[in-house]
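Asker: Handing you a structure now.
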Amino acid sequence: MNPIKVGLLGIGTVGGGTFEVLARNQEEITRRAGRGIEITMVADKDLERARKLVGKAATVTADAFEVVNHPDIDIVIELIGGTTIAEQLILKAIENGKHVITANKALLATRGNEIFAAARKHDVMVAFEAAVAGGIPIIKALREGLTANRIEWIAGIINGTSNFILSEMREKGSSFETVLKEAQRLGYAEADPTFDIEGIDAAHKLTIIAAISFGIPMRFKDAYIEGIAQLTAADIRYAEELGYRIKLLGITRRTPQGIELRVHPTLIPKRRLIANVEGVMNAILVKGDAVGATLYYGAGAGAYPTASSVIADLVDVTRMHTADPEHRVPHLAFQPDQLSSVPILPITEVETSYYLRMRVCDRPGVLADITRVLADSSISIDAMVQKEPSAGEEQVDIIMLTHLTVERSVNVAIARIEQLPVVVGRVTRIRMEQLGTH
Ligand code: HSE
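Anchor point for the sequence shown: position 296 equals 320 in our numbering, and the numbering is continuous, going up by one each time.
As structure tokens, then:
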């Protein structure tokens, strides 16, 4: 059988890695796929660099539309990123009957519903393993491996940049700003790090995970998103003293009232395996009703790990290329007419526990005032620490851990605590999850 022909849009870090790994493992990949897979066209703005990378193996063009419109191309790999030109190219490729492989989580999370509708209309596959957690085959696990299960919840460290920053802040006791600069120097964080540190990148990935886990459309707009920029080294240290580690988690959970879809810094017990995922690594903990908890760990970015996912999709698409579209795995794991419109819970309705830190004047009755406010909101305290005042200071930090509480009650209590004359400044609130798996 003739090799299947692939057009690659963007030969930067991941595109270059894909080209290289495909060439390096060609024989093994062909034995798996049942036919050869050849990248025959490459589109990139930097023609000179692209030509150097591919040599004579592929035609190089600066016009990506030339690739998606070319009659010989069966599969288009989109690695350009962004949500403007990438969407036009993907939709054009679909319209032309080509299968699409993409690592573009921002595009899928925000425009995925329209893209998958177009793909259904034209009977093509859109595969996206590389869009979530780089090299970890989490899409395959959720769409296929765990298909027997009713997924209950998922909690993931799905942004390596922010995990690196939190690890460094904890290990070195440095401030967020100092570590961010270091991450930029090392090339982990972009010059504009907003998407990574504000939780937006993690929310894109979580949106995709939730869709294929619960059989819902992409609901990025309904996600609650809070990043790590406000975290202080002091909170990380206090959490550590109480037996917890702070991670930027993407959490999605099925509840009787709706689905939780939230990204925020989270205290998790230090003894959990996922709490010990450090640096730029990613990990995703999935709780299914039959299998129990499963944990997936690996590189969430980088040329070769992400290429590993792109090529896994290439092999899947190559194998299913000639299959009746009805017999393929549905794009979002559930049959398209079976997607559910269950609501996403607003964060105010989410029930979790909390780390609360407040700075107070060190005088009699202060604790009584604060605990009275919490009691009025039916918030039960799980643990409490009062730090010794520094020499010459009259203010102290009080840290309280609460039992499960609905967020709107905590909001009311925090507003009242902040009005107490003995409380200085704002109350710091960080959500907590036990991630118990039984
Ligand atoms: N910027 C992402 C991260 C990697 O830091 O994890 C690509 O998704």
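From the three backbone atoms N, C-alpha and C, an ideal C-beta is built for every residue, glycine too.
1) Taking C-beta to C-beta, are Val-451 and Glu-457 nearer than 7 Å?
2) Counting along the chain, where does the beta strand (DSSP E) carrying Leu-319 start and finish?
3) If you measure between the beta carbons of Ala-154 and Leu-113, is that distance less than 7 Å?
4) For the ligand HSE, any of its heavy atoms closer than 6 Å to the Cβ of Gly-184?
5) What do you reckon, are the CB atoms on Lys-145 and Ile-97 nearer than 7 Å?
6) Which value, in whole angstroms, describes the spacing of the CA atoms of Glu-222 and Ile-249?
7) Tell me whether Gly-449 sits in a helix, a strand or coil according to DSSP, three-state version.
8) Exposed or buried, Met-25, counting other C-beta atoms within 10 Å across all chains shown (16 or more means buried)?
9) Taking C-beta to C-beta, are Val-434 and Tyr-379 nearer than 7 Å?
10) What are the start and end residues of the alpha helix (DSSP H) that includes Ser-186?
11) Would you report the Cα separation of Gly-239 and Thr-342, rounded to the nearest angstrom?
12) Thr-426: which of Glu-214, Val-446, His-345 and Ile-438 sits nearest, CA to CA?
13) Expressed to the nearest angstrom, what Euclidean distance is found between the alpha-carbon atoms of Leu-285 and Glu-418?
14) Tell me the start and end of each unbroken alpha helix (DSSP H) in the segment 94 to 174 that is at least 4 residues and wholly inside, in chain order.
15) Output the boundary residues of the beta strand (DSSP E) element that contains Tyr-212.
16) Does any heavy atom of the ligand HSE sit closer than 6 Å to the C-beta of Ala-307?
17) To which residues of the same chain is Ile-232 closer than 8 Å at the C-beta, ignoring the five residues directly before and after it?
18) Kindly indicate which three-state DSSP category Asn-49 falls into: helix, strand or coil?
19) At which residues does the alpha helix (DSSP H) containing Met-344 begin and terminate?
20) Closer than 6 Å: is that where the CB of Gly-180 sits relative to any heavy atom of the ligand HSE?
21) Check whether the Cβ atoms of Met-305 and Ala-257 lie closer than 7 Å to each other.
22) Taking contact to mean 3 or more Cβ pairs, one atom from each stretch, closer than 8 Å, check whether the segment 390 to 407 and the segment 338 to 358 are in contact.
23) Say the cut is 6 Å; is the CB of Asp-220 nearer than that to a heavy atom of the ligand HSE?
24) Taking only the alpha-carbon atoms, compute the straight-line gap between Arg-75 and Leu-32 and give it to the nearest angstrom.
25) Skipping 5 residues on each side, what residues in its chain have a beta carbon closer than 8 Å to that of Ala-86?
26) For Ser-377, report the span of its beta strand (DSSP E) as first-last.
27) Determine the burial state of Leu-77: buried for a count of at least 16 other Cβ atoms within 10 Å of its Cβ, exposed for fewer.
28) Which residue or residues does DSSP assign as beta-bridge partners of Pro-27?
29) Determine the direct distance from the alpha carbon of Thr-429 to that of Ala-327, and round the result to whole angstroms.
30) Take every Cβ of the segment 261 to 272, pair it with every Cβ of the segment 287 to 300, and state whether three or more of those distances are shorter than 8 Å.
31) Which residue comes first and which comes last in the alpha helix (DSSP H) that contains His-228?
32) Can you find the residues in the same chain that come closer than 7 Å, C-beta to C-beta, to Pro-360, ignoring five residues on each side of it along the sequence?
33) State the CB to CB distance for the pair Leu-309 and Ala-317, rounded to an integer number of angstroms; the pair is presumed to be in contact (CB under 8 Å).
34) Could you check if Ala-88 belongs to the surroundings of the ligand HSE, using beta carbon to heavy atom distance under 6 Å?
35) Measure the CB-CB distance between Ala-234 and Thr-279 and report whether it falls below 7 Å.
Answerer: Working from what's here:
1) Between Val-451 and Glu-457, the C-beta spacing is not below 7 Å.
2) Boundaries of the beta strand (DSSP E) harbouring Leu-319: 316 to 323, taken from the DSSP string.
3) Note that the C-beta distance between Ala-154 and Leu-113 is not below 7 Å.
4) Yes, since a heavy atom of the ligand HSE falls inside the 6 Å radius drawn around the Cβ of Gly-184.
5) When the beta-carbon positions are compared, Lys-145 and Ile-97 stay at least 7 Å from each other.
6) When the Cα atoms are used, Glu-222 and Ile-249 turn out to be separated by approximately 7 Å.
7) Reduced to three states, the DSSP call for Gly-449 is strand.
8) Within 10 angstroms of the beta-carbon of Met-25 lie fewer than 16 other beta-carbons, which makes it exposed.
9) Not closer than 7 Å, so no.
10) Unbroken alpha helix (DSSP H) run through Ser-186: 184 to 196.
11) Each residue's alpha carbon lies about 25 Å from the other.
12) The residue from Glu-214, Val-446, His-345 and Ile-438 with its alpha-carbon nearest to that of Thr-426 is Ile-438.
13) If you take the alpha carbons of Leu-285 and Glu-418, they lie about 41 Å apart.
14) 109 to 119 and 129 to 145, all fully within the segment 94 to 174.
15) Per DSSP, Tyr-212 lies in no beta strand (DSSP E) and is assigned neither H nor E.
16) When distances are taken from the beta-carbon of Ala-307 to the heavy atoms of the ligand HSE, even the shortest one reaches 6 Å or more.
17) Lys-129, Leu-132, Ala-133, Gly-136, Phe-152, Ala-155, Val-156, Ile-163 and Met-242, listed in sequence order.
18) Three-state result, Asn-49: coil.
19) Segment 327 to 344, the alpha helix (DSSP H) holding Met-344.
20) Distances between the C-beta of Gly-180 and the heavy atoms of the ligand HSE are all 6 Å or more.
21) Ala-257 sits away from Met-305, with the two beta carbons spaced by 7 Å or more.
22) With a cut-off of 8 Å on Cβ pairs, the segment 390 to 407 is not in contact with the segment 338 to 358, counting fewer than three such pairs.
23) Yes, since a heavy atom of the ligand HSE falls inside the 6 Å radius drawn around the Cβ of Asp-220.
24) Each residue's alpha carbon lies about 13 Å from the other.
25) Around Ala-86: Ala-67, Asp-68, Lys-69 and Leu-71.
26) Where Ser-377 is concerned, the enclosing beta strand (DSSP E) stretches over 375 to 385.
27) Classification for Leu-77: buried.
28) Bridge pairing for Pro-27: absent [DSSP].
29) Their Cα atoms are separated by approximately 43 Å.
30) Enough Cβ pairs lie closer than 8 Å, so yes.
31) Bounds of the alpha helix (DSSP H) holding His-228 are 224 to 238.
32) Here the set comprises Arg-144 and Pro-354.
33) About 6 Å; that satisfies the 8 Å criterion.
34) Answer for Ala-88: no, Cβ out of range of the ligand HSE.
35) Not in contact: Ala-234 and Thr-279 (Cβ atoms no closer than 7 Å).
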